[in-house]
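There are 2 protein chains.
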Amino acid sequence: MCELLGLSANMPADIRFTFSGLRQRGGNTGIHKDGWGISLYEGRASRSFHDPKASFSSEVAHFFHTSAIKSKMIISHIRQANRGRVCLENTHPFSRELWGCDWVFAHNGQLKNIKKKSLKFYRPRGTTDSEYAFCYMMDKIRKKYPKRPKKEKELWSYIEKLANEVNQLGIFNFLLCDSRHMYAYCSNKMCWVTRKYPFGEARLIDTGDIIDFSNHLSKNDVITLVASHALTENEQWHCMEKGEFKVFNNGKPRRLAA
Amino acid sequence: MCELLGLSANMPADIRFTFSGLRQRGGNTGIHKDGWGISLYEGRASRSFHDPKASFSSEVAHFFHTSAIKSKMIISHIRQANRGRVCLENTHPFSRELWGCDWVFAHNGQLKNIKKKSLKFYRPRGTTDSEYAFCYMMDKIRKKYPKRPKKEKELWSYIEKLANEVNQLGIFNFLLCDSRHMYAYCSNKMCWVTRKYPFGEARLIDTGDIIDFSNHLSKNDVITLVASHALTENEQWHCMEKGEFKVFNNGKPRRLAA
Chain A
10 MCELLGLSAN MPADIRFTFS GLRQRGGNTG IHKDGWGISL YEGRASRSFH DPKASFSSEV
70 AHFFHTSAIK SKMIISHIRQ ANRGRVCLEN THPFSRELWG CDWVFAHNGQ LKNIKKKSLK
130 FYRPRGTTDS EYAFCYMMDK IRKKYPKRPK KEKELWSYIE KLANEVNQLG IFNFLLCDSR
190 HMYAYCSNKM CWVTRKYPFG EARLIDTGDI IDFSNHLSKN DVITLVASHA LTENEQWHCM
250 EKGEFKVFNN GKPRRLAA
Chain B
10 MCELLGLSAN MPADIRFTFS GLRQRGGNTG IHKDGWGISL YEGRASRSFH DPKASFSSEV
70 AHFFHTSAIK SKMIISHIRQ ANRGRVCLEN THPFSRELWG CDWVFAHNGQ LKNIKKKSLK
130 FYRPRGTTDS EYAFCYMMDK IRKKYPKRPK KEKELWSYIE KLANEVNQLG IFNFLLCDSR
190 HMYAYCSNKM CWVTRKYPFG EARLIDTGDI IDFSNHLSKN DVITLVASHA LTENEQWHCM
250 EKGEFKVFNN GKPRRLAA
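Respectively, the protein sequence lines represent chains A and B.
Going by the numbering used here, the first sequence opens with residue 10, and the numbers climb by one from there.
Going by the numbering used here, the second sequence opens with residue 10, and the numbers climb by one from there.
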């Protein structure tokens with residue numbers, strides 16, 4: 010299986026403290042050593058850092074940890090290969106362009122027979138069930154909405170519908186970004202935490218490192234992290250329910266349609 | 010304007026020596042300081058490093074220079090902004106997926122009225138004439154060839170035809186990769202050099218650094234570099250002619266159809 014970490018914030022945010030916990034699970038405190046990646050948005054574009062090597066020892070991960078790259082929307086993934094060999098083609102997050110925006114996707118789980126679904130526009134480069142499922146969802150969204158719908162909740166509902174459909178094939182925990190919103194779907198495990206004023210301390214489960222966010226964040230900053238498993242032990246992570254779909258932007262969960 | 014650098018090799022090759030010359034031109038020996046990027050293939054996928062900052066001082070470029078990432082096919086670009094502001098969305102190389110392969114593109118020049126051409130499948134994320142021209146060519150290739158043509162020279166001829174068409178709108182020096190071949194088009198400046206046994210020394214024009222490739226390469230290694238301007242001063246760079254189109258793979262120029 011794999012682990013996911015996403016960030017939504019109302020200002021370009023530094024994910025390195027929390028990411029340093031996730032990174033340990035790629036070969037040190039965890040077995041997800043078959044590659045890792047992180048995608049960070051700036052406007053409608055994202056840039057990604059990918060490495061088919063274990064995040065714990067990856068030179069690209071080491072560089073990222075020493076860099077100062079911030080973003081309002083981030084998706085990261087560490088991989089334990091099930092379907093598809095260990096190679097760049099199979100390294101999450103995956104991305105495709107729709108409506109002149111980068112869409113970015115990362116998945117935890119396994120899907121049976123997803124490859125029996127036909128694809129039209131988007132094709133996987135690699136052999137994972139994950140990238141295939143992403144292409145399937147993108148195909149469907151593209152077909153239904155040749156242009157971005159004006160009512161964004163219409164799009165959210167459609168993505169939720171697709172998520173529920175694909176989830177019938179197995180385990181489908183995922184994070185998806187369309188450059189405006191981050192979508193999280195919980196098949197069987199996903200949790201989230203919001204950091205906002207007044208800020209306190211957080212302690213990473215995997216390293217024991219402690220940070221006092223009041224020294225790093227401003228009063229108006231709001232950041233939400235979404236992860237497969239809690240990464241800190243003294244913050245209030247909310248567990249999502251099975252089949253639950255959430256939408257985040259500007260650091261906050263958005264209210265879905267009734 | 011901008012500068013381009015491409016590599017085709019018959020083994021995963023290290024571009025860092027030559028890239029370190031190009032990098033100087035992004036803010037030190039040259040004025041192309043409005044961002045840079047490099048895309049490196051592994052199979053059908055590519056990974057890119059992008060930074061909207063000057064390559065000479067970019068931390069991402071510094072990391073790349075210290076890393077050991079090799080590839081058989083590489084495209085790099087340093088930007089001097091003409092059309093479109095300095096931001097990630099406008100930073101080359103651009104990439105899109107077709108036939109389950111990453112296609113990567115970088116451009117030097119300016120194109121008038123390219124945005125009057127209609128687009129169907131692919132849309133630009135940013136505002137450059139370059140990304141628009143890339144989307145236009147990808148649209149045309151996709152429409153003509155829903156599947157990769159079995160006769161690869163058919164595809165080459167079609168790309169050359171599109172290049173000649175777009176070149177009517179201004180200056181259109183470009184490098185394009187489809188994961189199998191690298192295509193180079195010379196609108197008004199482009200040159201290339203092949204490094205093969207017996208290997209000699211090369212001296213970078215921009216730094217004076219010297220390398221003796223016989224200490225780094227094996228007898229069977231073949232590498233071709235394509236660039237806007239020669240990067241070394243004691244190698245035989247071949248100038249392409251105006252309107253010339255070339256195809257490279259496994260380190261060598263390929264023979265085009267008569």
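Beta carbons: idealized from backbone N, C-alpha and C, even for Gly.
Closer than 7 Å at the beta carbon, the chain A residues around residue i
{"i": "residue 132/B", "result": "106, 108 and 109"}
{"i": "residue 72/B", "result": "72"}
{"i": "residue 52/B", "result": "96, 97 and 98"}
Reference residue i; option with closest CA among the options
{"i": "residue 260/B", "options": "69/B, 230/B and 14/B", "result": "230/B"}
{"i": "residue 210/B", "options": "198/B, 117/B and 224/B", "result": "224/B"}
{"i": "residue 31/B", "options": "63/B, 97/B, 147/B and 226/B", "result": "63/B"}
{"i": "residue 72/B", "options": "152/B, 19/B, 144/B and 59/B", "result": "59/B"}
{"i": "residue 151/B", "options": "97/B, 110/B, 120/B and 175/B", "result": "110/B"}
{"i": "residue 11/B", "options": "202/B, 24/B and 39/B", "result": "39/B"}
{"i": "residue 218/A", "options": "166/A, 194/A, 139/A and 26/A", "result": "26/A"}
{"i": "residue 76/B", "options": "41/B, 82/B, 28/B and 87/B", "result": "28/B"}
{"i": "residue 239/A", "options": "253/A, 68/A, 200/A and 257/A", "result": "200/A"}
{"i": "residue 167/B", "options": "148/B, 90/B and 21/B", "result": "148/B"}
{"i": "residue 21/B", "options": "41/B, 13/B, 78/B and 99/B", "result": "78/B"}
{"i": "residue 61/B", "options": "213/B, 253/B and 43/B", "result": "43/B"}
{"i": "residue 237/A", "options": "85/A, 66/A and 65/A", "result": "85/A"}
{"i": "residue 135/B", "options": "227/B, 103/B and 34/B", "result": "103/B"}
{"i": "residue 16/A", "options": "244/A, 186/A and 220/A", "result": "186/A"}
{"i": "residue 45/A", "options": "51/A, 244/A, 14/A and 100/A", "result": "100/A"}
{"i": "residue 94/B", "options": "139/B, 247/B, 204/B and 207/B", "result": "139/B"}
{"i": "residue 80/B", "options": "65/B, 49/B and 67/B", "result": "49/B"}
{"i": "residue 65/A", "options": "36/A, 88/A, 202/A and 254/A", "result": "36/A"}
{"i": "residue 106/A", "options": "74/A, 67/A, 156/A and 254/A", "result": "156/A"}
{"i": "residue 208/B", "options": "197/B, 220/B, 198/B and 195/B", "result": "220/B"}
{"i": "residue 202/B", "options": "248/B, 163/B, 195/B and 214/B", "result": "248/B"}
{"i": "residue 33/A", "options": "70/A, 245/A and 195/A", "result": "70/A"}
Contacts that residue i makes with chain B (C-beta to C-beta distance below 7 Å)
{"i": "residue 86/A", "result": "Per Cβ cutoff of 7 Å: no residues; residue 86/A is ~14 Å from chain B at best."}
{"i": "residue 59/A", "result": "56"}
{"i": "residue 76/A", "result": "68"}
Partner residues on chain A for residue i, Cβ-Cβ distance less than 9 Å
{"i": "residue 135/B", "result": "52, 53, 54 and 109"}
Residue i - containing beta strand (DSSP E), residue span
{"i": "residue 203/A", "result": "200-204"}
{"i": "residue 192/B", "result": "191-195"}
{"i": "residue 11/A", "result": "Residue 11/A -> no beta strand (DSSP E), and no H or E assigned at all."}
{"i": "residue 28/A", "result": "Taken as a continuous stretch (DSSP letters only), residue 28/A belongs to no beta strand (DSSP E), being part of the alpha helix (DSSP H) at 25-33."}
{"i": "residue 162/B", "result": "It is not in any beta strand (DSSP E) - residue 162/B instead sits in the alpha helix (DSSP H) that spans 161-176."}
{"i": "residue 70/B", "result": "Note, residue 70/B: premise wrong, no beta strand (DSSP E); alpha helix (DSSP H) at 68-75."}
{"i": "residue 283/B", "result": "The first residue shown for chain B is 10 and the last is 267, placing residue 283/B beyond what the model contains."}
{"i": "residue 286/B", "result": "Nothing can be reported for residue 286/B, as the shown portion of chain B is limited to 10 through 267."}
{"i": "residue 111/A", "result": "110-117"}
{"i": "residue 225/A", "result": "Unbroken run through residue 225/A: none, as it is neither H nor E."}
{"i": "residue 96/A", "result": "No beta strand (DSSP E) holds residue 96/A; DSSP gives it neither H nor E."}
{"i": "residue 86/A", "result": "80-87"}
{"i": "residue 182/B", "result": "182-186"}
{"i": "residue 236/A", "result": "232-236"}
{"i": "residue 56/A", "result": "54-60"}
{"i": "residue 258/A", "result": "253-258"}
Residue i: first and last residue of the uninterrupted alpha helix (DSSP H) it sits in
{"i": "residue 144/B", "result": "138-153"}
Supposed close pair residue i, residue j - CB separation, criterion 8 Å
{"i": "residue 173/A", "j": "residue 252/A", "result": "7 Å"}
{"i": "residue 242/A", "j": "residue 212/A", "result": "5 Å"}
{"i": "residue 141/B", "j": "residue 121/B", "result": "Between residue 121/B and residue 141/B the Cβ distance is about 12 Å, and since that is not below 8 Å, they are no contact."}
{"i": "residue 165/B", "j": "residue 256/B", "result": "5 Å"}
{"i": "residue 97/B", "j": "residue 54/A", "result": "5 Å"}
{"i": "residue 175/B", "j": "residue 154/B", "result": "Contact doesn't hold; Cβ gap of about 18 Å is too wide."}
{"i": "residue 233/B", "j": "residue 262/B", "result": "7 Å"}
{"i": "residue 182/B", "j": "residue 13/B", "result": "7 Å"}
{"i": "residue 41/B", "j": "residue 87/B", "result": "4 Å"}
{"i": "residue 222/A", "j": "residue 169/A", "result": "Not quite, the Cβ-Cβ distance comes to about 32 Å (not below 8 Å), so this is no contact."}
{"i": "residue 137/B", "j": "residue 204/B", "result": "With a Cβ gap of about 32 Å, residue 137/B and residue 204/B do not count as contacting."}
On the three-pair Cβ rule with 8 Å, is the stretch 182-192 of chain A touching the stretch 121-138 of chain A? no
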